[in-house]
Each structure stands twice: as structure tokens, then as C-alpha cells.
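Visitor: Residue numbering for the sequence shown follows the working numbering, starting at 404 and increasing by one per position. Provided herewith is a single structure, encoded as C-alpha cells, for subsequent inquiry.
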Amino acid sequence: MTTHKVVLIPGDGIGPEVSGAVKKVFAAAGAPVEWVLRYAGEAALQSGADDVLPETTVAAVREHGVALKGPCSTPIGSGFRSVNVALRKKLNLYAAVRPVRSLPGVKTRFENVDLVVVRENTEGLYSGIENLITEGVVASLKVATRTACHRIAHWTFRYATHRERKKISVLHKANIMKMSDGMFIDESRKVHEVDYPNIEYNEVIIDAASMKIVQDPSQFDIILCENLYGDIVSDLCAGLVGGLGVTPGANIGDEDAVFEAVHGSAPDIAGQDLANPLALLMSSTMMLNHLADTRKDEACRNVATKIKRAYNKALEEGHKTRDLGGELLTSQFTQAVIERL
Ligand code: NAI
């Protein structure tokens, strides 16, 4: 059996707890993965590095091509720039993919939610270019390039085709940001018309779309957004299926892929064995499927399926952490999954 080297970045806050849970489940499931431990975020500074995103961490992801990452804290207002944004930019991880699915045993307002949010991950208002024009006046630059708009549109239609998804909805605010969002929808429309006319396509203004999503998510299949809208809409969609504890994600580029949950470092519950490890565990099964696809290793897919079955069974039988209305600690839920492998 081939063993795949995967970079593990535990991150901050609940990161070490949820990544520890994944390590335990992988060991019990016999996942063909060897972890290469690297640090980012406040954890990097604590490990003795002089930067929140050490070059050794970025280099390790480049070398091995795949990473599983816990959340990294970013101070609000002043302080260092976001590690997450920097990592995605440095590695050119331009597509953030966030599947949102109902889970067995997790009761929410809707049943059978099954949609995917795709977020452009490298530009928009995340350019980090902010200027003090004069005292009391600040400008933040929203960057859009035709190349990146085209690239994410193309990636999303290709993804839809491979996954046999039927429809792509672009959420935008091109009525106000006529040039930047205008270019985003222009490129999406062109890719649809020229290369993928068989996939249904529509454009919805983001404010109206937010209302439609919470009224009836079945109107959507794949949601494609620029960076900031994608960030917000993926948390909104997480709320449809049980919250941030159950929403996985992947950041994909042409060379590398970093898998991480949608949630942050949850400082309010960190270090208390309270976090739901499912979001990162689900991200790790996406990672195994990615290894299966890109390295033609079906053993990875089989282990992913085994882990999915185990956590679904645990949920069905009522084993849940507190965020889902249960009483289990992180460690107890992890054990419940391991017992059902
Ligand atoms: P957050 O996602 O950390 O927490 C929001 C709420 O959801 C909190 O009440 C938290 O307890 C809860 N929550 C999140 N994940 C959970 C889990 N697995 N199980 C149970 N409850 C969970 O968002 P917040 O508070 O806005 O950000 C905290 C820090 O995380 C900030 O420094 C932020 O910059 C960073 N962050 C990092 C991300 C990343 O590394 N990809 C993504 C989002 C935020």
C-alpha cells in the first residue's frame, strides 16, 4: 500500500483538538497517510518561528502537495495579516470548495440540503490593500482580474461536470460594483455559453439570494461567488445544516490543495474538549478523495468511505457534541466514530 505524506498544520484555538481527533480516526481507520507536522498562526510563534506563516510550512505544502489545516486566529483591527489569506495567495489556492449537506440525526429547518459553495479565494476585498486617504477616511481596494474571474468560472463548471451537478448560480452585486462584479459575471456567463452550455446557469443579486437560500435552499445547487461574498455565504449555508461544526472545505490550486473546515479557531470553547471535530474530519475525507483522484489510489477512497459511514452512524445513533444539541465532548465523539469504523 502506498503511503502519502500530508502536511498537518494544527492551527490555533480548537485546531489542535480537532486535528488531534482526525489523527486518531485516521490511525484507527488505517488511512495510508503519514503526517508531516508544520505550524502556522500563533502556534508558529509559540513553536519558536519568527513569522505566523513560516517559509518552512509553505515549502512543506509545496513539496508534498496536500495539507490538512486547522484554523488560525487573525487579530481584529491591528496586528498581523491573516495567515489563511496569505497561505491561499502564496500557494495560489484559487478555489475554495465548501459542500453543505444535511447529516443523519442532525435536525434542522430543512431536510436533504445538498449544495456546494465555490469561493474565489485570491482577490476581491482580500487584496489587503487599504489606504488612509486622510485622517478619518480609509479606502479598501477590491481587486478583480479577468484571469482570476475566468479561472474560477472555468474551475467551477469543470467541477460541476465531474460531480454531475446540474446548475451554477453566480451571486453578485454587479448593480453597484459594475466593473468588478460585472467582470465576474461576464466571465462566468462566457464560460457557460462557450464551454458548458448544458449546465444550467443563473445570476442572482446577493442580497436577494441570501433571502432565497434561507427560504428554500433547494433552489440552489452550486453557488459561485467572489471572495467576500463566498466567505459570508458559506457561513450562512453552514447554518442550514447544523452550523460551523459540520461544514468542511478545501482550498484547491493547480499544484497544491489545503483542506480545512469553514470554522475559525473558536476561542470561546478552545482547550475545553468541546469542539465538534466533524468539520475537520469531513474535510479530511475530502482530502482522501482528492488523493484518490489525483494519485489514482482507491485505498484512499475506501478509507474515506469507511470514515464517512462511521460518523454518519454515530450521528444517527444520537452521538453528538454540544453544538448539535448533544452532550459529548470532542474526545467522546471521536471515540464514538472510532468504535463504528
Ligand atoms: P469561529 O468559527 O471561530 O467561531 C464562531 C462560533 O462558532 C463560535 O461560537 C464557536 O464556538 C463556534 N464554532 C466554530 N467552530 C466550532 C466547532 N468545530 N465546534 C463547535 N463550535 C464551533 O469564528 P470567529 O469567532 O469569527 O473567529 C475566531 C478566530 O478564527 C478569528 O481569529 C478568525 O480570524 C479566525 N478564523 C480562521 C479561519 C481559518 O483559519 N480558516 C476561518 C474563520 C475564522
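Ideal Cβ positions, reconstructed from N, Cα and C, are used throughout, including at glycine.
1. Taking 7 Å as the cut-off, is the C-beta of THR477 nearer than that to any heavy atom in ligand 1?
2. Please state the DSSP three-state secondary structure of HIS565.
3. Quick one: what's got a C-beta closer than 8 Å to ILE609's C-beta in the same chain, skipping five residues either side?
4. Is ILE543 helix, strand or coil by DSSP?
5. Would ALA427 and ILE741 be called neighbours here (beta carbons separated by less than 8 Å)?
6. Alpha carbon to alpha carbon, what distance is there between ASN534 and HIS407?
7. Looking only at its chain, what residues have a beta carbon closer than 6 Å to the beta carbon of SER687, apart from the 5 residues adjacent to it on each side?
8. Starting from the C-beta of SER572, find all residues in its chain whose C-beta is less than 6 Å away, skip the five residues before and the five after it, and write them out in chain order.
9. Determine which residues share a DSSP beta bridge with PHE662 and list them.
10. For a test of your reading of the model: does the CB of LEU746 fall under 7 Å from any non-hydrogen atom of ligand 1? Yes or no.
11. GLY508 and LEU684: beta carbons closer than 8 Å?
12. Can you give me the C-alpha to C-alpha distance between ALA452 and CYS475, rounded to a whole angstrom?
13. To the nearest whole angstrom, what separates the beta carbons of PRO435 and CYS640, a pair I think is in contact under 8 Å?
14. Identify whether TYR599 lies in helix, strand or coil by the three-state DSSP scheme.
15. Regarding GLU663 and ligand 1, is the C-beta to nearest heavy atom distance less than 7 Å?
16. Could you tell me which uninterrupted beta strand (DSSP E) segments, each at least 3 residues in length, are contained entirely in the segment 579–646, listed from first to last along the chain?
17. For ligand 2, any of its heavy atoms closer than 7 Å to the Cβ of ASN524?
18. With DSSP collapsed to three states, give me the class of THR697.
Guide: Taking the geometry as given:
1. Counted from its first residue, the sequence shown places residue 477 at position 74. Yes; taking the cut-off as 7 Å, the Cβ of THR477 has a heavy atom of ligand 1 nearer than that.
2. Here the question's residue 565 lines up with position 162 in the sequence shown. In the structure shown, HIS565 sits in a helix (DSSP, three-state: H, G or I).
3. For the purposes of this step, residue 609 is identified with residue 206 of the sequence shown, where counting begins at 1. The answer, listed in chain order, is LEU574, HIS575, LYS576, CYS628, TYR632 and VAL636.
4. Along the sequence shown, read from residue 1 onward, the residue named residue 543 stands at position 140. The question names Ile, but residue 543 is Ser in the sequence shown. If DSSP states are grouped into helix, strand and coil, SER543 belongs with the strands.
5. Taking the first residue of the sequence shown as position 1, residue 427 is located at position 24. Taking the first residue of the sequence shown as position 1, residue 741 is located at position 338. The question names Ala, but residue 427 in the sequence shown is Lys. Yes, the pair counts as a contact, with Cβ atoms nearer than the cut-off.
6. Working through the sequence shown from its first residue, we reach residue 407 at position 4. Working through the sequence shown from its first residue, we reach residue 534 at position 131. Distance between the alpha carbons of HIS407 and ASN534: 44 Å.
7. Counted from its first residue, the sequence shown places residue 687 at position 284. Excluding sequence neighbours, SER687 sits near VAL425 and LEU471.
8. Counting from one through the sequence shown, the residue named residue 572 turns up at place 169. Counting only Cβ-Cβ distances below 6 Å, and skipping sequence neighbours, we find ASN605, VAL607, PHE623 and ILE626.
9. Numbered from 1 along the sequence shown, position 259 holds the residue referred to as residue 662. Looking at the DSSP assignment, PHE662 forms a beta bridge with LEU471 and ALA653.
10. A query on residue 746 cannot be resolved here, the shown segment of the chain reaching from 404 to 744 and no further.
11. Here the question's residue 508 lines up with position 105 in the sequence shown. Here the question's residue 684 lines up with position 281 in the sequence shown. Taking 8 Å as the Cβ cut-off, GLY508 and LEU684 do not qualify as a contacting pair.
12. Numbered from 1 along the sequence shown, position 49 holds the residue referred to as residue 452. Numbered from 1 along the sequence shown, position 72 holds the residue referred to as residue 475. When the Cα atoms are used, ALA452 and CYS475 turn out to be separated by approximately 15 Å.
13. Numbered from its first residue, the sequence shown carries residue 435 at position 32. Numbered from its first residue, the sequence shown carries residue 640 at position 237. Rounded, the Cβ-Cβ distance is 32 Å, inconsistent with contact.
14. Within the sequence shown, numbered from 1, the residue matching residue 599 stands at position 196. Note: TYR599 maps to coil in three-state DSSP.
15. For this step, residue 663 is matched to residue 260 along the sequence shown. Checking every heavy atom of ligand 1 against the Cβ of GLU663, one is found closer than 7 Å.
16. 603–608 and 625–628
17. This structure lacks ligand 2; the ligands present are ligand 1.
18. Working through the sequence shown from its first residue, we reach residue 697 at position 294. Reduced to three states, the DSSP call for THR697 is helix.
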